[in-house]
Amino acid sequence: MIDLSVDLGFLQLKNPVIAASGTFGYGLEFDPFINLDDIGGFVVKGLYSRPRPGNPPPRLAETSSGLINAIGLPGIGMKRFTEEILPQLRKYNTALFVNVCGENEEEFAEVVDFLNGFDGIAAYELNISCPNVKREGRCPALCPEDTYSVVKLVKESSQRPVITKLSPNVTNIVEIALSAQEAGSDAVSLVNTFLAMAIDTETRKPKIANVLGGLSGPAIKPIALRMVYQVAQHVTIPVFGIGGIMSGLDAVEFLLAGAKAVEVGTANFIDPEATVKIIKQLEQYCQTQGIDKLEDLIGAVDVSS
Amino acid sequence: MQKDPSARIVNTKHWGNYFLLSIESPIIASFALPGQFIMVRVSSQGHPLLRRPLSIHAREQNIIDIFFQVSGLGTTLLSQKTIEDSLDILGPLGQGFSLEGDFKDGEMALIGGGRGIAPLYFLAQELRRRGAGVAVFYGGKTQSDLPLKDKFLENEIPVFCSTDDGSFGFHGFVTELFKTETEKKNFKFIYACGPEAMLKEAGQLCRQKDIPAEFSLESMMGCGFGACWGCVTKIKSKKGSEWQKTCEKGPVFSAENIIWLNGDK
Chain S
495 MIDLSVDLGF LQLKNPVIAA SGTFGYGLEF DPFINLDDIG GFVVKGLYSR PRPGNPPPRL
555 AETSSGLINA IGLPGIGMKR FTEEILPQLR KYNTALFVNV CGENEEEFAE VVDFLNGFDG
615 IAAYELNISC PNVKREGRCP ALCPEDTYSV VKLVKESSQR PVITKLSPNV TNIVEIALSA
675 QEAGSDAVSL VNTFLAMAID TETRKPKIAN VLGGLSGPAI KPIALRMVYQ VAQHVTIPVF
735 GIGGIMSGLD AVEFLLAGAK AVEVGTANFI DPEATVKIIK QLEQYCQTQG IDKLEDLIGA
795 VDVSS
Chain L
1209 MQKDPSARIV NTKHWGNYFL LSIESPIIAS FALPGQFIMV RVSSQGHPLL RRPLSIHARE
1269 QNIIDIFFQV SGLGTTLLSQ KTIEDSLDIL GPLGQGFSLE GDFKDGEMAL IGGGRGIAPL
1329 YFLAQELRRR GAGVAVFYGG KTQSDLPLKD KFLENEIPVF CSTDDGSFGF HGFVTELFKT
1389 ETEKKNFKFI YACGPEAMLK EAGQLCRQKD IPAEFSLESM MGCGFGACWG CVTKIKSKKG
1449 SEWQKTCEKG PVFSAENIIW LNGDK
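Chains S and L are the protein sequences, given in the same order. No gaps in the numbering here: position 246 of the first sequence is 740 in the working numbering, and each next residue is one more. No gaps in the numbering here: position 125 of the second sequence is 1333 in the working numbering, and each next residue is one more.
Structural data, given as structure tokens:
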């Protein structure tokens, strides 16, 4: 029997495979396809204090092995989430993460403050890195000071561990990750989507109504992996690896690069069973490699020459 | 809603750029309703990445048909599938056409433009089974855009054809043909699927004549089952309007509730 569990320090996961925010709805959408108890955890769609409509369509554009989205974080807001969704999610025996959003620092703190009063949440993931809400993809995760400031404020009121989700649209992601760590973040998850664009050559219009969007999917995996590797070299807190993971072997790469857990995103759209398949493939990999404990893979990339 | 990773193709047909695949998938077939769709994986490789949404064109026992026009890489790959190939499909998805009500008197008009005819064959069959009178209005740019006209006739479903270039049937838009028919008889309900301009025109006619209508909308979709929020349509609501997921609340919407992004014209 292979031990797939991972110890994050603040939380034990039964396996390292987590469904990423924005690709897993509120979790319930996947109940017809998989047993949610089988996965390490899932992150529900980004939550603001109030309901939001999101961006006008078209919100999606498919590119080579990738998907650009500018959904714009529509959602039901924190109150309806706790009334209508959270009670239904408590029956699952898996780690529930809530992706917390805010138009400003105070809103992040407000959402966390409110959610503190409800059971059934394992940790908060701070979405300081969505490129689709403000003009030109602006967000706190583009700047070490803004990252520090919002994480610090949230940590003051949070009664749960906080994972800070980082943007890849920066010159030096290690610097931002260190800021999050210094501000007290319990983990970092990376990467969110890459600011991107696609144009319809017939109409000369951008394929996304918002003009710019965020690129995800296999196209971004090598860059995401590089960033995870770099960050894992420098921080002491756990790193969640995200970016184009479609298979168990993709997940293994992120673990070898130093991620303690992985988040599976776009793959959920193409195959709603993706998370469960990835867990099985991870187990098979460990079997064929003769590894008893999956944690032995973490950071085990061999860069010696 | 279920995933069938290896649904076998049992028959294929094509007419120029239009293709029909018959797929054996007992559970999806047993739950399918007219207007619902399936998500089809077109490549097992990383590109194209996303499944393609295709409405259910017909259902015969264990078999569902999809009918599509080649319009890009995804549909090109799908058109290359042959008998005995298997397809990875999800379905049936979405809200279909309403089939409630008294169908004994009056006639239903089904308006299809181009590939928008796809869901209307299944609908026509189900309406007929419920005792409803059905008239199909089928429009295309040119004669080769009307490959299914004989299929309706062979099944004794009356079909009125139009072409933009006059190469077959009425010379003009299908909505103009439909309008001339509405002068002669009263339709009880309108179902339509096709290009946005056609649906807008049909919507105006329905409002003028006070005929209730439902339209099936085409949309790019990320997942097809409500997880990505990518395929929204603007729909009238108590607060004025809201974005609704086309995959989950549609693809069939009540015509009067649809708010077209570029206005009604």
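Don't be surprised by glycine CBs; every beta carbon is placed ideally from N, CA and C.
Query: Inter-residue Cα distance where the pair is L/Glu-1464 and S/Cys-624; Result: 35 Å
Query: DSSP state of L/Thr-1371 mapped onto helix, strand, coil; Result: strand
Query: Under 7 Å (Cβ pairs) to chain S, residues found in the segment 1432-1451 of chain L; Result: Phe-1433, Gly-1434, Ala-1435, Cys-1436, Trp-1437, Gly-1438, Val-1440, Glu-1450, Trp-1451
Query: Among S/Asp-532, S/Thr-760, S/Glu-777, S/Arg-720, nearest to S/Gly-742 - alpha-carbon criterion; Result: S/Glu-777
Query: Those runs of the alpha helix (DSSP H) which lie wholly inside the segment 1363-1415 of chain L and span at least 4 residues; Result: 1382-1392
Query: Residues within the segment 1228-1257 of chain L neighbouring chain S, beta-carbon criterion of under 8 Å; Result: Arg-1249, Gly-1254, His-1255, Pro-1256, Leu-1257
Query: Three-state class that DSSP yields for S/Phe-527 in the structure shown; Result: coil
Query: Per DSSP, the bridge partner or partners of S/Lys-771; Result: In DSSP, S/Lys-771 forms no bridge with anything.
Query: Own chain, CB closer than 6 Å to S/Pro-700, minus 5 neighbours either side, in chain order; Result: Ile-693
Query: Proximity winner among S/Gln-582, S/Leu-609, S/Asn-626, relative to S/Glu-597 (alpha-carbon distances); Result: S/Asn-626
Query: Chain L residues whose Cβ lies nearer than 8 Å to that of S/Ile-693; Result: Result: empty, since nearest Cβ-Cβ is about 16 Å, beyond 8 Å.
Query: Contact with chain S by L/Lys-1211, beta-carbon distance below 9 Å; Result: yes
Query: Of the residues S/Gly-793, S/Ile-773, S/Ser-798, the one placed nearest S/Lys-508, counting alpha carbons only; Result: S/Ile-773
Query: Contact the segment 1225-1237 of chain L vs the segment 535-555 of chain S: 3+ CB pairs below 8 Å; Result: no
Query: Alpha carbon of S/Arg-720 to alpha carbon of L/His-1255, nearest angstrom; Result: 22 Å
Query: Element boundaries [alpha helix (DSSP H), containing S/Gly-571]; Result: 571-574
Query: Bridge-paired residues (DSSP) for S/Glu-676; Result: For S/Glu-676, which the question treats as bridged, DSSP gives no partner whatsoever.
Query: Proximity of S/Tyr-618 and S/Pro-568 at Cβ, strictly below 9 Å; Result: no
Query: Residue of S/Asn-621, S/Val-605, S/Ala-755 minimising C-alpha distance to S/Ser-651; Result: S/Val-605
Query: DSSP beta-bridge partners of L/Lys-1453; Result: L/Val-1440
Query: Cutoff 9 Å: L/Asp-1472 Cβ touching any chain S Cβ; Result: no
Query: CB contact flag (L/Val-1278, L/Tyr-1346, <9 Å); Result: no
Query: Euclidean distance between Cα positions of L/Ile-1246 and L/Glu-1315; Result: 29 Å
Query: N-terminal and C-terminal residue of the alpha helix (DSSP H) that L/Leu-1425 is part of; Result: Counting along the chain, L/Leu-1425 falls outside any alpha helix (DSSP H), and DSSP gives it neither H nor E.
Query: Completely contained beta strand (DSSP E) runs for the segment 1234-1301 of chain L, where each covers 3 or more residues; Result: 1245-1248, 1260-1268, 1271-1277, 1294-1301
Query: Where the beta strand (DSSP E) containing S/Glu-556 begins and where it ends; Result: 554-557
Query: Proximity test, Cβ basis, 9 Å: S/Thr-760 and chain L; Result: yes
Query: Closest residue to L/Ile-1398 among L/Ser-1424, L/Phe-1378, L/Lys-1392, L/Gly-1380 (Cα-Cα distance); Result: L/Ser-1424
Query: Length of the line joining the Cα atoms of L/Phe-1305 and S/Glu-639; Result: 54 Å
Query: Coil, strand or helix - L/Phe-1311 by DSSP; Result: coil
Query: Neighbourhood of L/Lys-1444 by C-beta, 7 Å cutoff - its chain only, sequence neighbours within 5 removed; Result: Asn-1465, Ile-1467
Query: S/Thr-658, enclosing beta strand (DSSP E) - first and last residue; Result: 656-659
Query: CA-to-CA distance, S/Pro-551 to L/Ala-1240, given in whole angstroms; Result: 28 Å
Query: Chain S within 9 Å of L/Ser-1427, Cβ atoms only; Result: yes
Query: Option nearest S/Val-645 by Cα separation, candidates S/Gly-631, S/Phe-763, S/Ala-681, S/Val-668; Result: S/Ala-681
Query: Among L/Gly-1302, L/Thr-1441, L/Gly-1402, the one whose alpha carbon lies nearest that of L/Lys-1349; Result: L/Gly-1402
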